[in-house]
Amino acid sequence: MSIKSNIKTVQQRINAAAKEAGRNPEEIKLIAVSKTKPVSDVLEAFDAGMCDFGENRPQELAEKYSVLPQARWHLIGQLQRNKVKYIIDKAFLIHSVDSIRLAEEIEKRAGAVDKIQNILIQVNISGEESKSGIKPAETEELCRQISLMKHIHICGLMTISVNGIGYDGNLKIFSELKRLSQNIDKLKIPGVSMKELSMGMTHDYEAAVAAGATMVRVGSGIFGARNYNV
Ligand SMILES: *Cc1c(COP(=O)(O)O)cnc(C)c1O
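Note that this note's numbering gives residue 156 to position 76 of the sequence shown, counting from 1, and the numbers run on in steps of one.
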């Protein structure tokens, strides 16, 4: 299958899941996760109409940004503080902020380039120890602390579900993130928006759309399986 036809299929399935849930499909942005894939694949997806790309490695994001700066580049993977400098002038949205120390580094670097960096707070809903993300119970306090930083804007929350738990299992996890975002939204923390919910990947994006995702991050469903051995 070509990248172009894969994009069409994924978009159709997003639209169908949205209608099924009584949502407007236009509320849901598809992010093409191009990590490990060559620039030629990114260009093919861009030509097919994709504007939003996700990368999990800062250097890879920076390299691909230099080829296609007109696209929106999303940093979706774990971000080490010493790597923030590679992407601060390039990232449209950082999905994976889960600590005050990381936020402090982003604040410092964003201030230096006179930018307000849009971010999401990554929450570990499932509680798996291997997963990044802040605990749900600590999310409000992290939002409050980051809200005081002048060069960061919180736009919402992000989570990753668990492999192999099926539609209902995913729906439960994604619904918990939605509930958490609604609870934080009610607090009306100045400068904190809960507009965006980044959740859903190739194997669970339909459950995410049903639960209220505004951004889904699809990699292999668009570009094919990744080969980490090359
Ligand atoms: C790799 C990755 C994705 C995309 O995964 P697929 O299963 O290939 O769709 C989405 N989100 C994050 C955080 C990722 O690291």
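Every residue gets a Cβ at the ideal spot worked out from N, C-alpha and C, and that includes glycine. Since we're looking at a predicted model, the values are computed, not measured.
Using a Cβ-Cβ cutoff of less than 7 Å, which residues in the same chain neighbour residue i once the five nearest sequence positions on both sides are dropped?
| i | result |
| --- | --- |
| Asp121 | Ile83, Ser114, Phe303 |
| Ala183 | Val177, Ile226, Met229, Ile232 |
| Leu257 | Val203, Ile205, Leu237, Thr239, Leu277, Met279 |
| Gly157 | Asn136, Arg137, Ser176 |
| Glu220 | Ile264, Leu267 |
| Gly213 | Asp178, Gln202, Val203, Asn204, Thr239 |
Can we count residue i as close to ligand 1, meaning its CB is less than 6 Å from some heavy atom?
| i | result |
| --- | --- |
| Asn243 | no |
| Val113 | yes |
| Ile156 | yes |
| Met281 | yes |
| Asn213 | Before going further, note that residue 213 is Gly rather than Asn in the sequence given. Checking the Cβ of Gly213 against ligand 1 gives no. |
| Gly246 | no |
| Val177 | no |
| Asn204 | no |
| Asn86 | no |
| Val298 | yes |
| Asn136 | yes |
Going straight from the alpha carbon of residue i to that of residue j, what length do you get?
| i | j | result |
| --- | --- | --- |
| Val242 | Asn250 | 7 Å |
| Arg297 | Ile111 | 5 Å |
| Ser273 | Ser85 | 35 Å |
| Ser255 | Glu209 | 20 Å |
| Glu187 | His283 | 34 Å |
| Ala101 | Cys235 | 23 Å |
| Gly244 | Asn307 | 20 Å |
| Lys99 | Lys163 | 40 Å |
| Arg181 | Lys165 | 14 Å |
| Ala190 | Glu107 | 28 Å |
| Lys170 | Gly299 | 20 Å |
| Val90 | Pro105 | 12 Å |
| Arg103 | Pro270 | 28 Å |
| Ser146 | Leu159 | 19 Å |
| Glu143 | Lys275 | 29 Å |
| Glu140 | Thr116 | 8 Å |
| Pro149 | Pro118 | 16 Å |
With DSSP collapsed to three states, give me the class of residue i.
| i | result |
| --- | --- |
| Ser273 | strand |
| Cys223 | helix |
| Asp284 | coil |
| Ile111 | strand |
| Arg259 | helix |
| Ser300 | helix |
| Val164 | helix |
| Ile234 | strand |
| Ile214 | strand |
Need the endpoints of the beta strand (DSSP E) that residue i sits in, please.
| i | result |
| --- | --- |
| Ser176 | 171-177 |
| Leu141 | Note, Leu141: premise wrong, no beta strand (DSSP E); alpha helix (DSSP H) at 138-147. |
| Glu135 | 132-135 |
| Arg152 | 152-155 |
| Asn198 | 197-202 |
Can you give me the start and stop residues for the alpha helix (DSSP H) that residue i sits inside?
| i | result |
| --- | --- |
| Ala190 | 180-192 |
| Gln92 | 83-100 |
| Leu123 | 119-127 |
Among the residues of its own chain, which have a CB less than 8 Å from the CB of residue i, if the five just before and after it don't count?
| i | result |
| --- | --- |
| Ile87 | Leu110, Ala112, Ala125, Ala128, Gly129, Met130, Ile302 |
| Arg152 | Cys131, Asp132, Phe133, Phe172, Leu173 |
| Lys211 | Asn204, Ile240 |
What does a CB cutoff of less than 6 Å around residue i pick up in its chain, not counting 5 residues either side in sequence?
| i | result |
| --- | --- |
| Leu173 | His154, Asn198 |
| Gly292 | Lys258, Leu277 |
| Ile196 | His231, His233 |
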